[in-house]
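Enquirer: With my numbering as the guide, the letters of the sequence shown map in order to residues 549 to 940.
Below you will find the structure I want to go over with you.
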Amino acid sequence: MNTPALTKLEMAIYLDHNATTPCDPRVVRAMLPYFGEVFANPANGLHPLGRQAARAVEAAREQVAALIGASAGEIVFTSGATESNHLAILGAAAYAPPSRRKVITCAVEHKAVLLPFKRLEAQGFAVTLLPVDADGRVLLAELERHLDERTFLVSIQAANNETGVLQPVREVAALAHQVGALCHTDAAQAVGKIPCDVEAWGIDLLSMSAHKLYGPKGIGALYVRGGARALPLRPLLEGGGQEAGVRAGTLNVPAIVGFGEACRICREELGAERARIQALRDRFERGLLAALPSARINAQGAPRLPNTSSLTVPGIEADALLLNLPEVMMGVGAACASGAVEPSHVLLAMGLSRKDAYATIRASLGRFNTEAEIDRAIVLIAERVLALRRGG
Ligand SMILES: Cc1ncc(COP(=O)(O)O)c(C=O)c1O
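Laid out in structure tokens, this is it:
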């Protein structure tokens with residue numbers, strides 16, 4: 549029997565899919581044999597169980613590659629997008645020639661990109677942080693102005709985790725290549741939600757993460773154009789020489805199999821799911837704007853992920869709202885770092901005031917949300933905002 553607390557939790561509406569997604573039950577089913585019967589180390593090809601595990605890893609590698617238009621040999625398994633970003637940025641820069649010590653990224657990147665760039669700065673690289681417009685889109689003219697033949701790497705995200713805003717990755721890559729620079733994209737939020745194609749984008753390095761696309765946590769991949777032998781990366785971890793020597797450590801076979809299955813499902817269902825989720829997201833935004841006329845959707849007119857809504861409700865504190873709203877699980881435009889709540893650097897870079905950044909909530913919808921949930925979320929959010937404004 550359920551405890552009352554559990555029943556309440558089960559009834560709660562989860563709108564925080566950009567933070568993480570639940571594992572799809574099909575993914576869990578695919579993983580199970582690899583915790584049990586097929587537990588062997590895939591590096592040991594001398595016994596049948598090792599070979600069976602290795603075949604499962606290679607099948608998953610094909611599935612991950614297929615979702616982004618890559619070939620299997622271009623996929624390096626990592627622990628997630630944080631590690632992929634570090635491997636791409638620090639690993640590539642380790643081989644930058646002395647004549648190319650400039651690197652470029654932008655103000656709305658995830659900290660998992662901004663912090664490795666800080667490390668490069670400490671190593672003597674000249675780092676440019678491009679500004680964004682009011683929608684959070686990178687200014688291509690600014691990029692062009694900073695690019696020259698001393699530039700080694702440009703890293704611009706595919707989609708923003710807080711606003712869902714898409715960056716012009718194809719144009720960024722083309723400009724970077726004109727001066728002979730490499731181009732990386734953190735696509736942790738884009739892969740699985742919109743079509744992503746490394747060939748169409750012309751990207752050299754792409755980070756992705758399984759737990760953002762209904763796979764398990766702790767597993768991700770870095771796409772490396774032509775494979776790690778064609779585009780040399782200094783490993784962050786050395787040891788057993790796994791993953792073409794770029795990422796040592798015994799492979800997490802169940803997680804890799806789950807990641808592969810999650811990618812297979814996304815590839816098959818992305819078209820229909822994208823349209824359904826976007827319709828739900830639009831319904832959510834229409835409903836809330838009607839109920840709360842002073843609210844604003846950030847970057848509403850910009851190209852955005854179909855599932856994400858960044859909503860500023862002037863006069864409220866987003867964290868207080870969420871604490872008073874356990875029935876609807878969402879995110880806020882602020883990050884709690886070492887006890888102090890700082891307003892989101894993404895919203896500030898878009899020109900929001902600190903006050904408005906603190907008044908911003910993020911709803912990110914997903915595969916298992918229903919229309920009934922969205923309608924209930926609108927009522928609950930509006931009700932609680934009005935109560936907070938009355939000082940309740
Ligand atoms: C844009 C972006 N990059 C990187 C990450 C980190 O991903 P992971 O949790 O797989 O390390 C996230 C997750 O929050 C993200 O949204």
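The beta carbon of each residue, even a glycine, is placed where N, CA and C say it ideally should be.
Using alpha carbons as the reference points, say which of Leu799, Thr711, Glu821 and Pro581 lies closest to Thr918.
Expert: Against the sequence shown, residue 918 aligns to sequence position 370. Glu821 is the residue among Leu799, Thr711, Glu821 and Pro581 whose C-alpha sits nearest the C-alpha of Thr918.
Enquirer: Do you know offhand how far Glu697's Cα is from Gly593's?
Expert: Translated into the one-based positions of the sequence shown, residue 697 becomes position 149. Translated into the one-based positions of the sequence shown, residue 593 becomes position 45. Rounded to the nearest angstrom, the two C-alpha atoms are 45 Å apart.
Enquirer: In terms of DSSP beta bridges, what is Leu876 paired with?
Expert: As a position in the sequence shown, residue 876 is number 328, starting the count at 1. Note that residue 876 is Val in the sequence shown here, rather than Leu. Looking at the DSSP assignment, Val876 forms a beta bridge with Ile561.
Enquirer: Please list the terminal residues of the continuous alpha helix (DSSP H) segment that includes Ala803.
Expert: The sequence position of residue 803 within the sequence shown is 255, counting from 1. Residues Val801 to Ala839.
Enquirer: If contacts are defined as beta-carbon pairs under 8 Å, then Ala707 and Val713 qualify, I think. What distance do you get, rounded to the angstrom?
Expert: Translated into positions along the sequence shown, residue 707 becomes position 159. Translated into positions along the sequence shown, residue 713 becomes position 165. Between Val713 and Ala707 the Cβ distance is about 7 Å, and since that is below 8 Å, they are a contact.
Enquirer: Could you spell out the range, first to last residue, of the alpha helix (DSSP H) harbouring Val624?
Expert: Position 76 of the sequence shown, counted from the start, is the residue given in the question as residue 624. Bounds of any alpha helix (DSSP H) do not take in Val624; it lies within the beta strand (DSSP E) bounded by Ile623 to Thr626.
Enquirer: If I measure Cβ to Cβ from Ala724 and keep anything under 6 Å in the same chain, skipping five residues before and after, which residues do I get?
Expert: Counting from 1 along the sequence shown, the entry for residue 724 is found at position 176. Excluding sequence neighbours, Ala724 sits near Val702 and Cys731.
Enquirer: Starting from Asp696 and walking both ways along the beta strand (DSSP E), at which residues does that stretch end?
Expert: Within the sequence shown, numbered from 1, the residue matching residue 696 stands at position 148. Here Asp696 belongs to no beta strand (DSSP E), and DSSP marks it neither H nor E.
Enquirer: List the DSSP bridge partners of Leu859.
Expert: Here residue 859 refers to the residue found at position 311 when the sequence shown is read from its first residue. Paired residues: Ile845 and Ile909.
Enquirer: Within the chosen definition, does the stretch 777–787 reach the stretch 795–808 through at least 3 CB pairs nearer than 8 Å?
Expert: In this structure the stretch 777–787 lies against the stretch 795–808, because at least three pairs of beta carbons, one per stretch, are closer than 8 Å.
Enquirer: Under 8 Å between the Cβ atoms of Pro854 and Ile813?
Expert: By one-based count along the sequence shown, residue 854 stands at place 306. By one-based count along the sequence shown, residue 813 stands at place 265. Not in contact: Pro854 and Ile813 (Cβ atoms no closer than 8 Å).
Enquirer: Is Gln715 a contact residue of ligand 1, with contact defined as CB to any heavy atom under 7 Å?
Expert: Walking along the sequence shown from the start, residue 715 turns up at place 167. Outside the cutoff, so no.
Enquirer: In the DSSP assignment, find the unbroken beta strand (DSSP E) run with Val656 in it and report its ends.
Expert: The residue given as residue 656 occupies position 108 in the sequence shown. Unbroken run through Val656: none, as it is neither H nor E.
Enquirer: To the nearest angstrom, how far is it from the Cα of Gly925 to the Cα of Gly835?
Expert: Within the sequence shown, the letter at position 377 stands for residue 925. Within the sequence shown, the letter at position 287 stands for residue 835. Note that residue 925 corresponds to Ala in the displayed sequence, not to Gly. Whole-angstrom Cα-Cα distance: 10 Å.
Enquirer: Does at least one heavy atom of ligand 1 sit under 7 Å from the Cβ of Asp734?
Expert: As a position in the sequence shown, residue 734 is number 186, starting the count at 1. Yes, Cβ of Asp734 sits closer than 7 Å to a heavy atom of ligand 1.
Enquirer: Since Ala769 sits in a beta bridge, which residues does DSSP pair it with?
Expert: In the sequence shown, counting from the first residue as 1, residue 769 sits at position 221. Answer is Phe625 and Met756, bridged to Ala769.
Enquirer: Excluding the 5 residues flanking Leu869 on each side, which residues of the same chain have their C-beta closer than 7 Å to its C-beta?
Expert: Here residue 869 is taken as the residue at index 321 of the sequence shown, counted from 1. Once the five neighbours on either side are set aside, the close Cβ partners of Leu869 are Ile909, Arg932, Val933 and Leu936.
Enquirer: Quick one: using the 10 Å Cβ neighbour count with 16 as the cut-off for buried, is Tyr582 buried or exposed?
Expert: Taking the first residue of the sequence shown as 1, we reach residue 582 at position 34. Its Cβ being crowded by 16 or more others within 10 Å, Tyr582 is buried.
Enquirer: Check whether the stretch 607–616 touches the stretch 627–639, counting contact only when three or more Cβ pairs, one atom from each stretch, lie closer than 8 Å.
Expert: no
Enquirer: Quick check on the burial criterion: 16 or more other C-beta atoms within 10 angstroms. Buried or exposed for Asn872?
Expert: Taking the first residue of the sequence shown as 1, we reach residue 872 at position 324. With fewer than 16 Cβ atoms within 10 Å of its Cβ, Asn872 is classed as exposed.
Enquirer: Between the alpha carbons of Ala567 and His634, how many angstroms are there, rounded?
Expert: For this step, residue 567 is matched to residue 19 along the sequence shown. For this step, residue 634 is matched to residue 86 along the sequence shown. The alpha-carbon atoms of Ala567 and His634 are separated by roughly 19 Å.
Enquirer: Quick one: residues in its chain with C-beta nearer than 8 Å to the C-beta of Gly849, no 5 flanking neighbours on either side, listed in chain order?
Expert: Here the question's residue 849 lines up with position 301 in the sequence shown. Residues Asp683 of the same chain have their beta carbon placed closer than 8 Å to that of Gly849, with the five preceding and five following residues left out of the count.
Enquirer: What are the start and end residues of the beta strand (DSSP E) that includes Asp734?
Expert: Position 186 of the sequence shown holds residue 734. Counting along the chain, the beta strand (DSSP E) containing Asp734 begins and ends at Leu730 to Asp734.
Enquirer: So, at 7 Å on beta carbons, what are the nonlocal neighbours of Ala608 in its own chain, with the 5 sequence-adjacent residues on each side left out?
Expert: Along the sequence shown, read from residue 1 onward, the residue named residue 608 stands at position 60. Ile804, Val805, Phe807 and Gly808, listed in sequence order.
Enquirer: Just the Cα atoms here: how many angstroms apart are Ala571 and Ala736?
Expert: Against the sequence shown, residue 571 aligns to sequence position 23. Against the sequence shown, residue 736 aligns to sequence position 188. First, the residue type needs correcting, since residue 571 is Cys and not Ala in the sequence shown. Answer to the nearest angstrom: the Cα atoms are 16 Å apart.
Enquirer: Would you mind reading off the limits of the beta strand (DSSP E) that contains Val675?
Expert: Numbered from its first residue, the sequence shown carries residue 675 at position 127. That run of the beta strand (DSSP E) goes Ala674 to Leu678.
Enquirer: Apart from the five residues on each side of it in sequence, which residues of its chain come closer than 7 Å, Cβ to Cβ, to Leu677?
Expert: For the purposes of this step, residue 677 is taken as the residue at position 129 of the sequence shown. Only Thr653, Cys654 and Ala655 meet the Cβ criterion.
Enquirer: Nearest to Pro664 by alpha carbon, out of Glu622, Ala620 and Ala636?
Expert: Numbered from 1 along the sequence shown, position 116 holds the residue referred to as residue 664. Cα-wise, what sits closest to Pro664 is Ala636.
Enquirer: Quick one: does the C-beta of Leu630 sit closer than 7 Å to a heavy atom of ligand 1?
Expert: Along the sequence shown, one-based indexing puts residue 630 at 82. A quick correction: the sequence has Thr, not Leu, at residue 630. Indeed, a heavy atom of ligand 1 lies less than 7 Å from the Cβ.
Enquirer: I'd like to know whether the C-beta atoms of Glu710 and Ser842 end up nearer to each other than 8 Å.
Expert: Along the sequence shown, one-based indexing puts residue 710 at 162. Along the sequence shown, one-based indexing puts residue 842 at 294. Annotated as distal: Glu710 and Ser842, with beta-carbon spacing of 8 Å or more.
Enquirer: Taking all protein chains shown into account, do 16 or more other C-beta atoms lie within 10 angstroms of the C-beta of Leu687, making it buried, or fewer, making it exposed?
Expert: Residue mapping note: residue 687 aligns to position 139 of the sequence shown, counting from 1. Exposed, by the Cβ-count rule.
Enquirer: In this structure, what does DSSP give as the bridge partners for Ile652?
Expert: As a working note, residue 652 is residue 104 in the sequence shown. Looking at the DSSP assignment, Ile652 forms a beta bridge with Thr676 and Val702.
Enquirer: Between Glu606 and Gly774, which are expected to be in contact by the criterion C-beta below 8 Å, what is the C-beta distance as a whole number of angstroms?
Expert: Counted from its first residue, the sequence shown places residue 606 at position 58. Counted from its first residue, the sequence shown places residue 774 at position 226. So it is not a contact: roughly 18 Å between Cβ atoms.
Enquirer: According to DSSP, which residues form a beta bridge with Ala707?
Expert: Within the sequence shown, numbered from 1, the residue matching residue 707 stands at position 159. DSSP output for Ala707 lists Leu714 as bridge partner(s).
Enquirer: Would you say the beta carbon of His694 comes nearer than 7 Å to a heavy atom of ligand 1?
Expert: In the sequence shown, the residue the question calls residue 694 occupies position 146. No, the Cβ of His694 stays beyond 7 Å of every heavy atom of ligand 1.
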